[in-house]
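Protein chains in written order, with my numbering: chain R, 666 to 832; chain Y, 66 to 460; chain Z, 95 to 643.
Yeah, the Cβ is synthetic: ideal placement off N, Cα and C, and Gly gets one too.
A quick note: this is a predicted structure, and the numbers were derived from the prediction, not measured.
Single-structure report; data block below.
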């Protein structure tokens with residue numbers, strides 16, 4: 666009887682401590698779960714619906730022009746995009762609610778080719794529970810989230826990531 | 066209405082003062098001693114005057130409430146006077162249970178000091194900032210103050226117990242500590258005396274300084290600045306110039322006030338010793354001669370028993386409900402909240418020690434004294450020094 | 095398990111000091127004492143009886159009140175340390191904690207930060223302290239409540255002489271008219287709301303027994319409260335988000351799965367006005383300058399009516415209009431929105447006029463929406479302004495390049511190309527607030543600043559807290575228990591006939607003064623003597639002062 670009570674109490678304390686340590690790591694979008702669908706229009710007027718890319722891997726990047734680390738990884742993504750777009754890996758970069766003008770000037774400046782969409786009313790950002798930028802999600806051909814990464818990426822990392830979701 | 070309110074408060078102050086003297090008389094009275102039942106005539110007059118004072122202060126409270134449109138418990142002056150009023154109220158109730166005149170003799174001066182202390186702060190009726198505009202202001206603050214006041218009775222009882230039970234003729238750890246507590250009381254008197262003197266004389270000196278966060282400000286001293294602000298520029302050079310400068314993180318004005326209060330306290334204490342040639346506790350001891358130690362101990366315990374649930378309700382539960390409504394979270398580890406929790410934990414420890422370890426008598430009395438020091442710390446230091454979200458209570 | 099059989103026939107658990115039934119002293123040492131220890135009715139507590147296995151040891155450790163009080167005192171001291179300097183959540187966001195504490199408080203601040211005191215209340219060791227108090231609460235209560243319940247349930251009316259003799263209140267008397275005295279006492283006991291049990295001409299009068307359960311009930315309340323606190327760590331129980339909404343904007347409310355939207359129509363800040371508000375406030379307003387009177391957001395809550403995918407234009411149904419003020423949160427489902435903060439006069443639009451620098455002649459106005467600037471503004475007659483670059487929150491970076499710090503137009507800057515019939519290739523001008531740079535030499539034209547349009551922004555806390563119900567139940571039970579334990583007393587009076595004498599003993603768990611006064615009125619004029627206080631403390635005080643008795 667007493668052992669059972671002690672065990673319950675011990676388990677409750679252990680869980681609380683564990684939850685307290687891991688509270689910063691809880692994400693809205695869980696690994697292995699279906700990635701929330703979205704529809705956004707890119708700078709060329711083309712519509713991208715995530716669910717349309719079933720069967721392809723998706724490299725989903727969230728960024729802003731004011732974010733220096735985002736700016737740094739953009740060329741790497743662009744290079745790898747060119748490598749992987751024909752291997753079934755789609756790249757979508759979601760800008761967080763900036764103006765078209767600012768985004769366009771940024772794209773011109775860096776000569777970026779991959780599709781960039783603007784999340785004007787921040788619905789997508791909200792659905793994915795984005796914290797600090799840049800944030801990158803990897804979605805496999807079945808539409809499941811396989812990786813969430815925050816912070817700047819190096820070019821080998823970008824390649825490795827895209828490799829990971831190649832169909 | 067406002068001036069009527071002020072007069073009523075002043076009247077209650079005077080009545081408490083007279084009440085103290087009458088209670089002292091009730092203990093000195095030789096005739097009353099011979100009769101064996103009930104308190105003597107002086108004690109009855111004493112409690113009558115106390116009730117009159119309480120009613121007068123209640124009048125202050127109500128008229129000020131009408132004038133302001135909200136209960137006068139929204140700044141340090143109002144809260145502290147209300148705390149004093151609750152203390153007197155708690156005393157009256159406990160007096161009718163235990164009929165111990167010595168309790169009046171020691172409670173009323175504490176109430177007087179509280180009101181006197183309160184009067185040193187801005188007495189303007191202040192409008193309520195948005196977070197205070199709630200009926201929970203009345204419910205939370207009044208219940209919390211009442212709980213603290215009932216708990217404070219255990220301090221008074223503890224003081225009586227210790228003054229009576231400790232041998233003050235020779236220096237011992239406990240007699241020194243008790244004297245230190247009484248010296249603290251004298252310093253409070255010192256603060257009131259010195260602030261009143263300079264306030265009547267209208268003393269004012271002004272400094273310009275830049276604080277730690279590079280914010281420029283002018284600060285007005287109402288006591289001669291022994292300590293000036295960090296790299297402050299004296300704008301009133303005809304007045305007393307600072308001897309030293311405070312470091313940037315310290316509020317020079319408050320430090321200066323503390324130094325003045327301590328100095329006045331020391332002078333008053335030395336004067337006392339010079340006149341009586343005895344320790345304060347020793348001089349007070351005869352006043353406690355008729356207090357039954359066992360009864361005093363029980364009063365101390367009883368007031369904690371009565372006060373603890375009231376305090377829990379007012380200072381924790383009502384506080385949490387209101388914090389949830391006003392600040393969106395019931396608990397935020399704000400210093401005032403933390404110190405309410407500390408007070409609560411302390412009295413919880415008191416009850417456990419008394420129940421299971423049998424801490425009666427002196428030990429229990431000391432705990433009563435320490436508990437009150439924690440309450441005072443929360444009222445004074447947390448408001449004036451630590452501040453935080455409850456900082457509006459600091460002006 | 096060994097058991098102890100008392101002479102009266104009752105079988106007590108091993109370790110019992112006073113027989114649960116008759117109160118006879120079962121332990122030799124206890125017999126030497128003048129008064130018995132009545133704390134837990136002399137019942138056997140598990141923790142004091144066994145001490146063998148590791149389970150026993152852990153159990154015994156936490157069942158000690160000494161350990162409990164020590165934990166309380168440590169928690170108290172630790173909590174106090176956390177108030178020396180502000181906690182990390184209250185420091186300004188302008189500086190990181192690692193810098194802030196040292197820059198504000200010097201070496202002491204640095205130490206405070208390094209020891210982790212800046213986040214004391216969510217540190218693992220503080221949580222462990224609270225958890226230990228919780229464990230102590232459970233075990234202490236279980237260890238005591240069961241034997242106490244047994245002892246109080248089994249108590250017999252006729253108590254053993256040794257038990258009565260060792261009560262704090264005890265007295266004997268020779269009574270002449272025993273029956274009439276008994277009747278009178280019983281009547282008076284009833285009048286004082288005692289429950290009376292009789293057996294062989296002996297009486298047990300008892301009242302307020304339920305107050306003995308007060309401590310255990312309040313401990314249950316506290317345990318529920320702590321459990322509620324733990325629930326917060328369960329995902330989905332608790333939401334704490336900040337939502338900024340500009341006037342005129344509709345934003346999705348975070349954590350509602352995109353179900354709810356909020357439109358901010360207007361943010362209002364009111365201050366007290368000496369002329370309009372209560373005259374009594376005038377002095378205070380004069381002394382402290384501005385005093386805020388109201389923070390209010392006029393909002394409309396919407397719910398999405400049809401399933402749409404994130405990014406699509408949602409179809410919204412209005413739920414309600416609300417004036418959201420401090421102390422008046424907007425509640426919907428399990429959520430509540432609180433007026434938390436605001437920003438007044440955020441830039442929204444800026445107007446310029448294309449102007450000839452020499453003669454100040456203007457060639458048309460343009461108004462730029464800072465959230466959606468156009469690529470070019472055609473002013474007609476061959477006058478045109480192109481926006482070559484836009485920096486909403488402009489600063490120069492380390493390479494002296496203009497960059498933006500954020501996407502909020504706090505400090506907008508533009509690079510314009512002004513195309514005029516005179517200068518068809520255009521003139522380039524860098525225009526920021528109070529600053530114009532002409533990178534390619536002197537221009538003929540300039541963009542003269544005409545004015546701004548601003549908007550207020552409100553910040554609302556989005557809160558969901560499903561633990562509140564549990565906490566409320568815990569708090570309520572605690573209050574019931576603490577009141578029950580503090581405001582009622584368990585009083586017992588035993589009357590027993592022993593060899594032609596009447597023995598009376600009294601016990602209360604607290605407030606002896608009250609019991610003595612009650613006993614004195616009960617036995618007054620009944621012919622039975624009032625029992626006397628046998629405790630040492632009271633002997634002394636009786637000598638020093640008989641008046642209070």
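- Item | Proximity to residue 514 (chain Z) [Cα-Cα], best of Z:544, Z:533, Z:476, Z:534 | If you compare the alpha carbons of Z:544, Z:533, Z:476, Z:534 with that of residue 514 (chain Z), the shortest gap goes to Z:476.
- With 8 Å as the limit, tell me which residues of the region 365-384 of chain Z have their beta carbon closer than that to any beta carbon of chain Y; keep them in chain order. Taking 8 Å as the cut-off between beta carbons, the residues of the region 365-384 of chain Z near chain Y are 366, 371, 372, 374, 375, 377, 378, 379, 381, 382, in sequence order.
- Decide if residue 97 (chain Y) is buried, meaning its Cβ has at least 16 other Cβ atoms within 10 Å, or exposed. With a pLDDT of 47 at residue 97 (chain Y), under the threshold of 50, the modelled position of that residue is not reliable, and the figure given next carries that caveat. Label assigned to residue 97 (chain Y): buried.
- Item | Neighbourhood of residue 87 (chain Y) by C-beta, 7 Å cutoff - its chain only, sequence neighbours within 5 removed | Beyond the five residues adjoining it in sequence on each side, residue 87 (chain Y) comes within less than 7 Å, by CB distance, of 107, 110, 111, 114 in the same chain, given in chain order.
- Query: Does residue 74 (chain Y) get closer than 9 Å to chain Z when you measure Cβ to Cβ?
  - Reply: For residue 74 (chain Y), the answer is no, since every Cβ of chain Z falls outside 9 Å of its Cβ.
- In three-state DSSP terms, what is residue 280 (chain Z)? Three-state DSSP puts residue 280 (chain Z) in a helix.
- Hey, residue 768 (chain R) and residue 724 (chain R): beta-carbon distance below 9 Å or not? Contact: no.
- Message: When you compare the CB of residue 150 (chain Y) with every CB in chain Z, is at least one pair closer than 9 Å?
- Response: For residue 150 (chain Y), not one C-beta of chain Z is nearer than 9 Å to its own C-beta.
- Give the residues of chain A in contact with residue 153 (chain Z), contact being defined as C-beta atoms less than 8 Å apart. Among the protein chains of the structure shown, namely R, Y and Z, there is no chain A.
- Query: residue 364 (chain Z) to residue 190 (chain Y), Cα distance in whole Å?
  - Reply: Taken atom to atom, the span from the alpha-carbon of residue 364 (chain Z) to that of residue 190 (chain Y) is near 19 Å.
- Given 8 Å as the limit, is there contact between the region 372-385 of chain Y and the region 409-427 of chain Y, that is, 3 or more CB pairs closer than that? Between the region 372-385 of chain Y and the region 409-427 of chain Y there are three or more inter-stretch CB-CB distances shorter than 8 Å, so the stretches are counted as touching.
- Would you report the Cα separation of residue 562 (chain Z) and residue 320 (chain Y), rounded to the nearest angstrom? Distance from the CA of residue 562 (chain Z) to the CA of residue 320 (chain Y), rounded to the nearest whole angstrom, comes to 42 Å.
- Distance, residue 172 (chain Y) Cα to residue 298 (chain Y) Cα: C-alpha separation (whole angstroms): 45 Å.
- Message: From the DSSP secondary-structure annotation, give me the bridge partner or partners of residue 585 (chain Z).
- Response: The bridge partners DSSP lists for residue 585 (chain Z) are Z:301, Z:602.
- Query: Where are the alpha helix (DSSP H) runs, 4 residues long or more, that stay fully inside the region 110-153 of chain Z, in chain order?
  - Reply: Within the region 110-153 of chain Z, the complete alpha helix (DSSP H) runs of at least 4 residues are 122-126, 140-143.
- Message: Contact criterion: CB-CB distance below 9 Å. Does residue 444 (chain Y) meet it with respect to chain Z?
- Response: No, because no Cβ of chain Z sits closer than 9 Å to the Cβ of residue 444 (chain Y).
- Message: Using the three-state DSSP reduction, which class does residue 377 (chain Z) fall into: helix, strand or coil?
- Response: It is helical.
- Give me the Cβ distance between residue 752 (chain R) and residue 809 (chain R), rounded to the nearest whole Å; I'm assuming they're in contact under 8 Å. Incorrect: roughly 19 Å between the Cβ atoms, too far for contact.
- Query: For residue 449 (chain Z), which three-state DSSP category applies?
  - Reply: Reduced to three states, the DSSP call for residue 449 (chain Z) is strand.
- Which residues DSSP lists as bridging residue 105 (chain Z), in chain order: Paired residues: Z:99.
- Could you check which residue in Z:269, Z:566, Z:168, Z:176 has the C-alpha nearest to that of residue 593 (chain Z)? Cα-wise, what sits closest to residue 593 (chain Z) is Z:269.
- Name the chain Z residues whose beta carbon is nearer than 9 Å to that of residue 699 (chain R)? Close to residue 699 (chain R), with beta-carbon spacing below 9 Å, lies no residue of chain Z; the smallest spacing is near 13 Å.
- Task: In the DSSP assignment, find the beta strand (DSSP E) that holds residue 459 (chain Z) and state where it starts and stops.
- Result: Run containing residue 459 (chain Z): 456-463, per the beta strand (DSSP E) assignment.
- Which residues of chain Z have a Cβ atom closer than 7 Å to the Cβ of residue 414 (chain Y), listed in chain order? Simply 163, 166, 167.
- In the DSSP assignment, what are the bridge partners of residue 436 (chain Z)? Beta-bridge pairing links residue 436 (chain Z) to Z:552.
- Query: If residue 574 (chain Z) sits next to residue 321 (chain Z), beta carbons under 8 Å apart, how far is it from one beta carbon to the other, in whole angstroms?
  - Reply: Approximately 17 Å separates the beta-carbon atoms of residue 574 (chain Z) and residue 321 (chain Z); this is outside 8 Å, ruling out the contact.
- Within the 9 Å Cβ cut-off, does residue 229 (chain Z) reach chain R? Yes, because at least one Cβ of chain R sits closer than 9 Å to the Cβ of residue 229 (chain Z).
- Task: Please confirm if residue 181 (chain Z) has its CB atom under 9 Å from at least one CB of chain R.
- Result: Chain R, which has no Cβ nearer than 9 Å to the Cβ of residue 181 (chain Z), makes this no.
- Could you give the distance in angstroms between the alpha-carbon of residue 339 (chain Y) and the alpha-carbon of residue 315 (chain Y)? Taking the straight line joining both Cα atoms gives about 35 Å.
- Message: Distance check for residue 323 (chain Y) and residue 450 (chain Y), CA to CA, integer angstroms please.
- Response: Cα-Cα distance, rounded: 12 Å.
- Query: How many whole angstroms separate the CB atoms of residue 55 (chain Z) and residue 118 (chain Z), which I take to be in contact at a CB cut-off of 8 Å?
  - Reply: This structure cannot settle anything about residue 55 (chain Z), because the visible part of chain Z is limited to 95 through 643.
- Message: Give me the chain Z residues within the contact set of residue 377 (chain Y), using Cβ-Cβ distance strictly less than 8 Å, ordered along the chain.
- Response: Result: 572, 573, 576.
- Query: Hey, would you say residue 128 (chain Y) sits closer than 9 Å to residue 66 (chain Y), going by beta carbons?
  - Reply: Yes; because the gap between Cβ atoms is below 9 Å, this pair is in contact.
- Would you say residue 245 (chain Z) faces chain Y, with C-beta separation under 9 Å as the test? So, not an interface residue.
- Work out the CA separation of residue 815 (chain R) and residue 302 (chain Y) for me, nearest whole Å. Cα to Cα, residue 302 (chain Y) sits roughly 59 Å from residue 815 (chain R).
- Message: Taking DSSP's pairing of strands, which residues face residue 299 (chain Y) in a bridge?
- Response: Answer is Y:272.
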